[in-house]
Structures are given as C-alpha cells and as structure tokens.
Amino acid sequence: MIHTILLAGGESTRFWPLKQKNLTRFFGKPLLMWHYEQFVRIGIKHVTVVANKESIRDIQKVPVPKKLTVDMVSQEGKGQVHAVFAAGTHFGEDPALILNASDIYEDTLLKEILDSQKKNPEALIMACVRVTSYFPGGYLKLKEDGSIEEIIEKPKEGKEPSDIVNLVVDIIPNMKKLCVQLKTYKRFPDDGYERALNKLIKIGTKAYPLQTFSQWLYLKYPWHTLSVMDACLSSIQGQHIDPSAEIGNHVLIKGPVIIEKGVKINEFTKIVGPVYIGEGTIIGNNNIIRHSHIGSQCVTGFGTDITRSYIGDYCWFHSNYIGDSVISSDVSMGAGSVLANLRLDESPISTRVKEEGVNTKRVKLGAMIGTGVRIGVNVSVMPGVKIGKNSFIGAGVVLGEDMKDCMYCRATPTVIISQNLKKPENKRDEFKKNL
Amino acid sequence: MIHTILLAGGESTRFWPLKQKNLTRFFGKPLLMWHYEQFVRIGIKHVTVVANKESIRDIQKVPVPKKLTVDMVSQEGKGQVHAVFAAGTHFGEDPALILNASDIYEDTLLKEILDSQKKNPEALIMACVRVTSYFPGGYLKLKEDGSIEEIIEKPKEGKEPSDIVNLVVDIIPNMKKLCVQLKTYKRFPDDGYERALNKLIKIGTKAYPLQTFSQWLYLKYPWHTLSVMDACLSSIQGQHIDPSAEIGNHVLIKGPVIIEKGVKINEFTKIVGPVYIGEGTIIGNNNIIRHSHIGSQCVTGFGTDITRSYIGDYCWFHSNYIGDSVISSDVSMGAGSVLANLRLDESPISTRVKEEGVNTKRVKLGAMIGTGVRIGVNVSVMPGVKIGKNSFIGAGVVLGEDMKDCMYCRATPTVIISQNLKKPENKRDEFKKNL
Amino acid sequence: MIHTILLAGGESTRFWPLKQKNLTRFFGKPLLMWHYEQFVRIGIKHVTVVANKESIRDIQKVPVPKKLTVDMVSQEGKGQVHAVFAAGTHFGEDPALILNASDIYEDTLLKEILDSQKKNPEALIMACVRVTSYFPGGYLKLKEDGSIEEIIEKPKEGKEPSDIVNLVVDIIPNMKKLCVQLKTYKRFPDDGYERALNKLIKIGTKAYPLQTFSQWLYLKYPWHTLSVMDACLSSIQGQHIDPSAEIGNHVLIKGPVIIEKGVKINEFTKIVGPVYIGEGTIIGNNNIIRHSHIGSQCVTGFGTDITRSYIGDYCWFHSNYIGDSVISSDVSMGAGSVLANLRLDESPISTRVKEEGVNTKRVKLGAMIGTGVRIGVNVSVMPGVKIGKNSFIGAGVVLGEDMKDCMYCRATPTVIISQNLKKPENKRDEFKKNL
C-alpha cells in the first residue's frame with residue numbers, strides 16, 4: 007500500500023500580505039479541501055497532512071470528505087526536508103506519494119504517477135515538466151538511459167543541466183531509506199530533501215522522470231491566487247443559481263456562474279461569467295462583475311466594477327474599480343477608490359517580495375490586500391502594490407508603494423484656504439436646456 | 007380662551023452652515039408651515055409667532071392655511087425670556103400654550119396638554135420626557151405630590167435633580183402674571199424664562215409635569231435636519247407621482263415616494279423610498295436615490311448616488327456620492343466628488359460647533375453644506391465637515407476641516423512635469439480579446 | 007472655365023495639441039474629403055489642392071470621389087501669398103475660385119459666388135460677412151458705389167473701416183495678373199495676398215463684396231473642432247445603425263445617430279443623439295453618450311459619460327467623465343479620471359495659444375488632448391487644458407496647466423505612512439440592515 011503525504015507546512019512568507027496560502031478559500035472551500043476532493047476522485051482513501059505549529063489548528067478545521075481519512079502531523083524545523091521527515095517516520099518501508107499543498111495539478115497526473123509506481127514499485131519517480139524559459143526550481147540531469155542522475159536545485163540562469171524541471175509530485179519507494187537520508191540533511195532547509203534524494207540515487211535507487219502535460223498551478227506569490235482562481239472559475243459549467251438568491255429585475259447574467267444561497271443582485275447590474283458569488287453576498291445596483299471570485303457576506307455597493315479579481319469574505323465596496331486584484335477578507339473601500347491595474351507604459355508589473363524585485367510578468371495586475379484593511383474615498387492604489395493586514399489608507403491618497411501590516415497612510419495636508427474673491431454665478435438654467 | 011405662542015426668533019447660530027432653521031423646507035414647505043398645518047389639525051385657530059428682526063420678513067412670507075390666522079411679533083432682546091414677553095403682553099390674564107418652532111412633536115402631545123389645561127385651568131403645565139442619558143436642557147425637580155418644585159436649567163452632568171427633562175411645551179395659566187416676572191429676569195437671556203417660572207411656582211402657582219411618549223425632534227445642530235427629514239419621509243404612505251412627471255423606461259421606484267410635478271427621472275435609475283423629489287427636479291441616468299429628500303429644480307446628473315441625505319433646491323450634482331449629508335440650496339458638485347460618511351475606524355463622528363467639540367453620536371454622517379457652495383471635480387469631503395455659504399473648493403481637494411462662509415480652498419500645486427522617457431505602448435488589441 | 011484652388015498648406019500651429027487640421031476626421035472622413043464631396047455636390051469637377059511639404063503625403067492619401075479629379079501642388083514659402091502663387095502659375099489668364107480648407111461653408115455660398123462670376127467675369131469677387139463684434143481678420147473698405155476700395159488686414163480693434171469681414175472665398179478674374187502681384191509681395195507671409203489684391207484693385211480691377219448668410223465654421227484653435235463636429239452631427243437625419251452592430255439588451259438609443267459596422271453597445275447604456283460612433287468601437291456598460299463624435303476602434307469601458315465631445319480613433323476610457331472635450335486618437339484614461347468642463351465661477355474659459363491668452367468664449371470647455379496621451383486613474387484635468395502628444399499623466403494629478411508634447415506629469419509624493427493606532431472595527435452587519 008502506498009501512502010500519500012501532503013505538505014502543508016510551508017510558511018507563506020512570499021504570499022504576504024495574504025496568509026496561509028493552503029487555506030485560501032475558493033468557492034467557499036479552503037484550497038486544502040480541493041486537494042481532499044481530488045484524492046477522493048482518484049481513489050486515495052487516506053492522507054497524511056504535514057502542517058506547522060502555527061497553522062495546524064486552522065488546518066485541522068478544514069472539513070474532510072466522508073470517503074477520506076486524514077492524519078495530521080506537525081513538522082519541527084523549516085523546509086521540505088523536515089516536512090517529509092515528520093510524516094515519513096510513520097510509514098516504515100512503505101512507499102509514499104509526496105505532494106505539495108500549494109501546487110495544483112489535474113487528476114490525470116496523479117493517476118499516471120500512481121500507475122507508474124505499480125509498474126515499477128522499486129523506483130523513485132519524479133513528475134516533471136519541460137520549460138521554455140528559466141524557472142527558479144529543481145532541474146533534472148538525466149543519464150543516457152533516461153533515468154535521473156541528479157537533481158540540481160535552483161541552478162543559476164544559464165547553468166541549467168536540462169529543460170526538465172521537477173514538480174513536488176514524487177513517488178518514494180521506501181520511506182525508511184529516505185528518512186535515514188533526510189535525517190542527515192536536516193540542516194539544509196532549502197534543499198535537504200533534494201540532497202537526500204540525490205544520495206538515494208547515488209547509492210542505488212533507480213530514479214525516473216515522469217513528464218506531464220497537466221496544468222500546473224501554484225500559490226507562491228500573492229498574485230498566483232489569480233491563476234488558481236482562473237482554474238477554479240474555468241471549471242464552472244453552466245449557471246448554478248441557488249433558488250434562495252434574489253436576482254433583481256434588469257440584471258443580466260451571462261456565461262457560467264455559481265451564485266450561492268442568500269445572494270442578492272441588485273438592478274441594472276451585469277454579471278459576465280465565469281463568476282463565483284459566495285453565500286449572502288449583496289451585489290449593488292449598476293455594477294459589472296466579470297471573471298471574478300467574490301466570497302461570502304460581501305457588499306459591492308453602487309456602481310462597482312470588479313474584473314478578473316479575487317475577493318475574500320465580508321468585504322465592502324462602493325463605486326470602486328477593482329481590476330486584476332487579490333483582496334482577502336474584511337476589507338472595505340470608500341467611494342471612488344480605484345485599484346489601478348495597468349502601467350501607463352503598459353509594461354509588465356514588478357514588485358518587491360522579501361526585499362527582492364520580482365517581475366510578475368503580468369501586464370495587468372492590481373493590488374494585493376490583506377485582511378482588515380480600510381481604504382478611504384477617492385484613493386488610487388498603483389498596480390502591483392501590496393497592503394498589509396489592518397492597515398488604513400486615508401482619502402485621496404495615491405499609494406505607489408507597499409504598506410506593511412498595521413500601518414496608516416494619509417495624504418499630507420496640502421490645501422490652502424483663503425478668502426473667496428468670487429461669488430457663485432449660476433448659468434445652470436441655460437445648461438439645463440442642453441440636457 | 008387659550009392663546010398659542012410659537013417661538014421662532016431663535017438665532018440658528020448652532021445650525022450653521024445652514025440658516026434660519028425654522029424655514030428649512032421639507033417637501034417644499036418651510037418647517038413653520040408644518041407647524042401651521044398641525045395647528046389646523048388639532049383645532050388651533052390662531053397663533054402668535056414671535057420672530058426676530060432679521061427673520062421676520064422671511065417668516066411673514068410663509069403661507070398660512072385658510073383655517074388659521076397668524077399674528078407676528080418681533081422680540082427685542084435675545085433668549086426665550088424676551089420672546090415670550092414680546093408675545094405675552096398682548097394677552098392680559100389669558101392662559102397660553104408656549105411652543106418652540108424648532109421642536110417637532112406629534113399631534114397627540116398638543117392635544118393632551120390642551121386637555122390638561124381644561125381640567126386644571128389654574129395650573130402651570132410643562133410637557134416633559136424621561137431621559138436615559140444626560141441631555142443639556144432643563145430638568146424638573148419634583149415635590150412629593152408629583153408637582154414641580156423647580157426647573158434646574160442645564161445642570162452639570164451628574165448633578166441632574168431627576169431624569170425628567172422639560173420640553174418647551176408649556177401651559178401658562180395667566181400670561182400677565184408671567185410677564186411681570188419675565189420683565190424682572192430680562193437680563194438673563196439664557197434662563198430668564200425658567201427663572202420667571204420658578205418664581206411663579208415659589209409665589210404660589212401650582213405646576214405639573216405632563217410626561218409624554220411623543221416623538222420629539224428638534225433642529226439645533228445642522229445634522230438634526232436628517233432626523234426631521236426621517237420623520238417627514240416616514241409619513242409618506244404609498245407612491246404619489248404627479249401625472250406630469252416623466253419617468254423614463256427602465257426606472258425602478260420602490261417603497262413610498264412623493265414625486266412632484268415636472269420631475270424627470272432618467273433611465274437605469276432606482277429610487278428606493280421613502281424618497282421625496284421636489285418640483286422640476288431632474289434625476290439623471292444610472293442613479294440610485296435612497297431614503298432622501300431632494301428639493302425642487304435640482305439636477306443629479308449621471309451616475310449619482312444619494313443616500314440618507316437632505317438636499318435643498320436648485321442643486322446640481324454629477325457622478326457624486328452623497329451619503330448622510332445635509333446640503334442646502336444652490337450647491338454644485340463636480341464629477342467624481344464624494345461626501346464621505348464613515349470614518350475608517352467606524353467611530354462616531356465629532357465636529358466643532360462654535361469652538362466647542364460636539365459628538366454627533368452618528369457613525370454615519372457626511373458633510374453639511376451652505377448655499378452657493380461650488381465643489382470641483384474629484385473632491386473628497388471628510389465625514390462631519392461643514393462648509394459655509396458661497397465657498398468654493400477646487401478639484402482634487404481632500405477637505406478635512408470646516409470652511410467658513412465665503413472661503414476658497416484649493417489643493418497646493420504638487421505636480422512635477424518632466425520629459426517623458428517612455429513612448430506609448432499599445433497592447434490594447436490584446437486587452438480587447440478579454441472584454 | 008474657372009479653376010478651384012483649395013488652400014490646405016497652413017501650419018496648424020494654433021491647432022496644437024491636435025495636428026493637421028484639414029485631416030481631422032469626422033464620421034471617418036478627413037475634413038478635406040468633406041470639401042471634395044461638397045465640390046461634387048455643387049458641380050465642381052476639378053480642384054487644385056495646395057499642401058505644404060510636411061502634409062502633402064498625408065493629404066494625397068485622402069480618398070477622392072469618382073466625379074472629382076485633384077491636382078496636388080506644394081507651396082514653397084509660408085502664407086497664403088505663397089499658397090495661391092504655387093497653384094496660380096498653372097492657370098494662365100483663367101479665373102479661379104480660392105478657398106481655404108480649414109473654413110467650412112454651406113453649398114449655397116459656393117453656388118452664389120460661382121453665379122456671380124458668370125454674371126461679371128471681369129470682377130474680383132470676395133465673399134464676406136457682417137460682424138457685430140471685433141474679428142481678427144480682413145475688413146473691407148467700400149467705395150460709394152458699393153465696390154471694394156481696399157482690404158484692411160487685421161486692423162486694431164476700434165480701427166475697423168467697416169463691419170464687413172472677408173472670408174477666403176474669392177473669385178480671381180485673371181490668375182496671371184494676380185500672380186505677377188503675388189510675386190512682388192512674397193516677402194509678406196501674413197498679408198502678401200491682400201496686398202496683391204489691393205494692388206490689382208488700385209490698377210483697375212473692379213472688386214465686389216458678396217455678402218453671405220451661410221454658416222461659416224473654421225478650424226483655427228483646437229476647440230473649433232467642437233463647432234465643426236456640431237455641424238456634422240446636426241446633419242444626421244434619423245438613426246443609421248449598421249446591421250452588423252451589436253446593440254445589447256436594455257440599451258436606449260434616442261435621437262439621430264450613425265452607428266457604424268462592428269460597433270458593440272453594452273447594456274444599461276443610453277445614447278442620446280446626435281451621436282456618431284465609428285467602426286468597431288465598443289461602448290461599455292452603464293454609459294451615457296450624448297451629442298458626441300466617437301471615432302473607430304475605441305473602447306469606452308464601464309460607467310463612462312461622454313458629453314458634447316469629439317473623440318478620435320482607438321481611444322480607451324474607463325469610468326470617465328469627458329465633457330466638451332477634444333481628444334485625438336490613441337488616448338487612454340484610467341478609471342475615475344475627469345476632464346472638467348466648467349469653472350467654479352462659471353466664467354468663460356481662457357487658454358494660452360502660442361504664448362498669447364485667448365478667451366475661448368466657451369463657458370463649458372474640457373481638455374484638448376493630442377495622440378498617444380496616457381492618463382492614469384483619478385486624474386482631474388482642468389477646463390481648457392491642452393495636453394501634447396505622447397504625454398503621460400500619473401494617478402491623482404490635478405492638472406491645471408498645459409503640457410507640451412512628450413512630457414510626464416506626476417503628483418509629488420505627499421503621503422505619510424506611520425504605525426496604525428487603530429484596529430479595524432466592523433459595524434457593517436448593522437449597516438447592512440439599512441441596505
């Protein structure tokens with residue numbers, strides 16, 4: 007019997023200002039639950055989830071489908087080496103499938119790799135993809151017979167040994183043997199796992215790549231939420247509108263949608279699917295909602311435009327433009343505020359993550375906003391800006407930089423008040439004629 | 007026969023930037039006229055209105071119903087003591103009912119107190135309410151037999167003699183006797199009237215409180231306009247739409263409304279009652295108007311949202327959000343300007359009135375704006391800000407403080423213009439594919 | 007046979023930030039083509055167009071109707087004297103009708119002056135109008151017999167010899183004679199042509215004014231585009247909607263319109279004619295478009311209001327207000343940006359043209375914007391401001407001055423970021439009750 011290990015103990019630091027990427031809710035379900043449902047679909051009946059001490063409580067609250075049982079273990083140190091070790095010590099010499107909770111694949115890939123394991127139970131099997139440009143991950147160096155010689159973790163650009171990048175979808179033939187090695191490399195949080203695998207290969211385990219053409223999505227940076235959202239949205243077939251939803255007159259709903267119970271959609275509003283609208287959310291009058299995910303208990307207010315954006319729960323908007331943005335829960339925006347999503351020069355948007363510049367490769371990208379953020383009226387947030395949780399932004403601010411958690415940003419007072427030398431004219435009777 | 011004296015000579019200084027609170031127009035009728043109509047309803051046939059020299063002309067213009075006659079007197083000095091004296095000298099030893107024009111009660115209270123007077127024509131009767139928190143008015147100190155021992159005007163908080171606050175709904179059994187006392191206390195504009203009553207009680211007039219459960223509203227501060235508006239709006243039963251009103255296609259009108267003659271409502275607009283729209287007003291396309299009073303001859307323009315607000319006559323808006331605000335007449339706002347109505351920390355809004363801080367106890371409160379104000383485009387006015395008449399506000403201003411009458415506020419020039427090092431890209435053919 | 011000379015070699019410097027006024031496109035056709043079509047209508051079969059070296063290539067691309075042939079000549083120096091000379095040398099002693107391509111008249115005027123020429127083939131005939139206020143052009147001084155004694159070019163205000171201003175609609179009886187004089191006055195670019203005519207009159211050519219009541223429009227300053235647009239728009243009779251246009255549900259189209267092929271109009275939008283919408287343009291949801299010209303391949307986005315404005319091709323808007331503005335092609339505006347069109351004091355709008363102040367005499371006038379301009383979100387452009395081609399304007403800017411070509415304007419950083427001393431409250435469940 008093969009075990010399944012789902013690594014969910016990563017730190018999400020690059021995911022800031024969002025938190026706990028594996029618990030990001032899509033369609034009301036945390037990402038972890040999407041994995042659970044996938045396991046059920048492909049016949050996996052038991053999974054060991056590795057969490058860390060901070061997240062384990064929240065992870066334990068994730069509902070588990072009836073046909074699945076879940077063991078929860080907590081990893082001690084940082085990195086995949088500790089995560090796999092924490093789970094692996096329970097499995098003796100059994101084989102195991104190692105998966106990363108922040109990576110998302112199609113069912114076919116998991117089926118294929120499990121089939122491969124049956125055919126070749128002694129082998130280490132690593133799912134991989136061919137890349138056409140540099141990717142900061144692990145590359146596979148192959149032997150002439152097509153088997154894996156070595157995993158080169160994060161080679162410098164130009165020093166890649168091949169165009170084959172490995173995913174974290176690995177079949178380990180013998181967990182005990184792996185754990186022995188993992189123990190040795192525990193002091194390497196960044197690549198201890200790969201070092202252990204390389205050692206196994208070196209001392210005789212045959213390793214094979216399994217090339218896949220599955221869609222591969224991952225949550226690393228906060229804007230990746232949009233790609234995962236896209237995948238979720240594109241799974242919607244037809245229009246699923248809960249009977250309890252109140253759809254006003256003169257509301258147009260086009261394309262695939264899921265509209266949950268208690269949703270209310272006000273008049274003169276257009277919904278252009280794929281769109282998900284969570285339980286109890288109120289969509290205001292004269293809105294347009296396109297290709298977006300809106301969580302539960304939100305209010306969009308009058309005249310709001312939400313396009314290609316992810317919105318969590320309990321957000322409150324009013325006459326805003328929210329384009330290509332990621333907004334977590336309990337965020338409010340005042341009337342006239344805009345999350346800009348396109349540079350004037352239309353070049354791809356870069357941002358800083360942990361003091362490093364990262365090119366998001368997105369020409370259209372709005373803001374990424376943590377929980378509890380309050381934005382005043384007529385605020386302009388520049389493309390790619392990230393706003394930490396519980397931060398407040400005053401009226402009229404043009405925000406061109408990231409804000410840490412719990413900060414307050416206001417426009418400096420720049421008004422001059424003096425005696426008014428003019429009296430109000432009123433030519434409006436004339437203007438009225440042109441109405 | 008009992009006389010009715012309506013005190014309308016107060017100064018309205020706390021009502022700034024609005025003026026002459028007793029002439030505030032609701033449903034096209036000045037507040038005074040609402041009193042007149044109430045008098046007719048409860049059978050009062052004659053009233054003496056006390057005005058001051060500044061307001062008497064305007065007050066005289068207020069139309070009087072057929073079944074009522076009105077005498078107008080002008081008070082000499084400041085304060086209720088002068089006001090009642092000015093009227094009272096005409097009535098000999100007759101009794102009188104004293105009312106304040108900026109207080110509004112239900113018909114039942116006036117009927118009750120007049121009934122009490124019939125039963126006990128020798129008594130001084132003072133309507134009063136029980137309060138659960140401190141109110142800066144007159145408190146009644148009662149004797150054991152339930153009669154009034156003394157009126158304590160504005161005791162300090164914690165020093166209240168009871169939880170009974172008197173309204174200005176008083177039956178005076180003998181005006182001549184009162185006037186004798188008023189004359190003595192004329193030099194006390196703040197509490198001369200109460201001193202006179204206390205003296206009457208001391209020398210033998212029996213005084214009784216009349217506790218009422220009537221709704222009691224008053225216009226003291228400008229935001230009180232919203233409470234009076236609420237009361238007026240809640241009196242609307244059903245939908246009264248003048249046949250001459252032009253209601254466009256695709257206009258939704260929900261709840262109780264009064265829509266006066268010549269009103270035009272443009273398309274894709276929703277009216278959510280209770281709403282009053284005055285004569286000749288044009289409501290623009292794609293508007294939402296909720297729970298508001300809009301005077302006559304206004305134009306709301308395209309894309310405007312007016313919510314829980316009082317608007318006077320002849321105002322001109324355009325793509326604005328006006329929430330929980332009080333706007334007098336002849337005010338215009340440019341496109342994109344917003345009257346913010348909620349602090350980021352969602353705490354109650356305080357403001358300064360005559361150099362003193364006042365907590366309005368409203369969590370949602372917008373701006374209060376005098377006549378002749380002109381507001382440019384993309385202006386943000388902070389919650390609770392007051393703008394004096396004939397003031398102008400330039401484009402892009404974030405206004406966080408009150409503006410006196412006839413002031414001009416502009417944003418300081420804060421732009422930098424330099425050579426553009428970029429050329430316009432144009433990726434929009436691609437963007438179009440996602441439309 | 008009489009020749010027709012159309013002067014199209016003027017420099018358009020006063021037309022900045024727009025370019026090549028004679029090529030301004032109305033209804034998809036450059037202005038020159040409107041002239042060509044007029045020539046066909048009134049029976050002119052051949053025209054000589056005078057261009058300058060910069061514009062001749064573009065002018066040659068203008069399609070010519072089947073019933074017309076066009077010769078193109080290029081003028082050497084600056085001014086009308088060079089322009090007419092360049093064309094005139096080809097015509098020997100023939101007569102010619104001289105017209106200016108940036109002036110627009112009704113057909114009747116051209117017919118009348120051609121008729122006059124037939125009746126009096128020896129005469130110099132100059133079309134003219136009576137003016138009621140000073141106009142900076144050529145005035146006619148008449149003899150007692152009603153013939154022209156002299157043309158006084160741009161007299162000072164108060165020194166006008168009459169109230170008769172000549173247009174550039176002149177019949178020259180003998181081009182050879184004129185060219186002899188033009189040669190002499192070539193060194194006077196500003197009034198060499200008038201000097202030549204004066205000389206002809208002095209040495210014996212009889213000259214007559216032809217007073218006209220034709221509408222006379224001209225493109226001199228950029229805002230004149232609006233007058234010519236008005237004339238074009240008022241020529242639309244009925245609704246011409248190409249069968250390939252997609253008009254969404256809940257779209258209202260009122261008044262005369264031309265909607266070209268491939269146009270798409272989204273829902274809850276109102277079009278109030280006269281309106282022209284060019285090929286392939288997409289009008290967004292919840293828009294209002296009134297009395298405007300929108301070129302081809304534009305996208306207006308959600309919630310845009312375009313009123314009394316001229317828009318070229320390939321522009322991209324989004325939740326903007328564009329009033330009384332002239333926008334050339336390839337311009338984009340971010341969400342919430344406004345082109346203000348009315349001063350707070352409602353006085354006529356002045357602007358600077360080539361270092362000189364010019365009163366546009368328009369109370370409502372927005373911005374005038376060259377090609378390739380990019381405007382960020384929540385920008386406010388003040389009335390009468392001109393923005394040169396390829397200029398960029400950053401978010402939140404309040405632009406109160408003209409920008410030259412290829413400039414970049416940004417708001418200076420004026421935000422203060424500090425620790426947030428408040429935590430987000432959330433009273434929104436209560437607010438929801440009032441929705």
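Protein chains in written order, with this note's numbering: chain Z, 7 to 441; chain R, 7 to 441; chain W, 7 to 441.
Glycine included, each C-beta is placed from N, C-alpha and C at the ideal position.
Residue i burial status per 10 Å Cβ neighbour count (16 or more: buried)
i: T75 (chain R); result: exposed
i: N255 (chain Z); result: exposed
i: Q86 (chain R); result: buried
i: I312 (chain Z); result: buried
i: S338 (chain R); result: buried
i: S240 (chain R); result: exposed
i: G309 (chain Z); result: buried
i: F91 (chain Z); result: buried
i: L225 (chain R); result: buried
i: S397 (chain R); result: buried
i: K392 (chain W); result: buried
i: E266 (chain W); result: buried
i: D121 (chain Z); result: exposed
According to DSSP, residues forming a beta bridge with residue i
i: L258 (chain R); result: R:K276
i: W175 (chain W); result: Reading off the sequence, residue 175 (chain W) comes out as Val, not Trp. Bridge partners of V175 (chain W): W:L105.
i: S338 (chain R); result: R:W322 and R:R380
i: R31 (chain W); result: W:P36
i: C134 (chain Z); result: Z:N172 and Z:Q217
i: I317 (chain W); result: W:I300 and W:I333
i: A57 (chain W); result: W:S80
i: L348 (chain R); result: R:K370
i: M388 (chain W); result: DSSP, once it has assigned bridges, lists no residue as partnering M388 (chain W).
i: M181 (chain Z); result: According to DSSP, which records beta bridges pairwise, M181 (chain Z) is partnered with nothing at all.
i: G363 (chain Z); result: Z:R358
i: F398 (chain Z); result: Z:R380 and Z:Y414
i: S424 (chain W); result: Z:Y414
Integer Cβ distance of residue i from residue j, believed to fall under 8 angstroms
i: K73 (chain W); j: K51 (chain W); result: 7 angstroms
i: I104 (chain R); j: D176 (chain R); result: 5 angstroms
i: V383 (chain R); j: V344 (chain W); result: 4 angstroms
i: I158 (chain Z); j: M132 (chain Z); result: 13 angstroms between Cβ atoms; not a contact.
i: K395 (chain Z); j: D411 (chain Z); result: 5 angstroms
i: D236 (chain W); j: V269 (chain W); result: The pair is not a contact, with the Cβ atoms about 21 angstroms apart (cut-off 8 angstroms).
i: E118 (chain W); j: K182 (chain W); result: Rounded, the Cβ-Cβ distance is 26 angstroms, inconsistent with contact.
i: V385 (chain R); j: L405 (chain R); result: 7 angstroms
- [ ] Note down, in chain order, all residues in the segment 254 to 274 of chain Z with a beta-carbon under 7 angstroms from any beta-carbon belonging to chain W.
- [x] Per Cβ criterion, the list reads H256, L258 and F274.
Open item on the list: Can you pull out the residues from the segment 22 to 41 of chain W whose beta carbon lies closer than 8 angstroms to at least one beta carbon of chain R?
Closed with: Cβ contacts with chain R come from no residue of the segment 22 to 41 of chain W.
Open item on the list: Output needed in chain order: residues of the segment 353 to 379 of chain W with a Cβ under 8 angstroms from some Cβ in chain R.
Closed with: Listed by position, the residues of the segment 353 to 379 of chain W near chain R (Cβ gap below 8 angstroms) are G378 and V379.
Task: Contact set between the segment 282 to 294 of chain W and chain Z, restricted to residues whose Cβ is under 7 angstroms from the partner - done: Residues N291 and N292.
TODO: Identify each residue in the segment 328 to 345 of chain W for which the Cβ-Cβ distance to at least one residue of chain R is less than 7 angstroms, and report them in chain order.
DONE: Correct list: D336, G342 and V344.
Open item on the list: Give the list of continuous beta strand (DSSP E) stretches no shorter than 3 residues that lie fully inside the segment 110 to 165 of chain R.
Closed with: Along the length of the segment 110 to 165 of chain R, whole beta strand (DSSP E) runs at least 3 residues long occupy 130 to 136, 144 to 148 and 154 to 159, reported in chain order.
Open item on the list: Beta carbons nearer than 9 angstroms to chain Z: which residues of the segment 292 to 314 of chain W have them?
Closed with: Listed by position along the chain: N292, R296, H297, G307, F308, G309, T313 and R314.
- [ ] Anything in the segment 226 to 241 of chain W with a Cβ closer than 9 angstroms to a Cβ of chain Z? List those residues in chain order, please.
- [x] The segment 226 to 241 of chain W vs chain Z, Cβ under 9 angstroms: nothing.
Task: the segment 143 to 167 of chain Z: positions lying closer than 7 angstroms to chain R by Cβ - done: Going along the segment 143 to 167 of chain Z in chain order, one finds no residue with a Cβ nearer than 7 angstroms to chain R.
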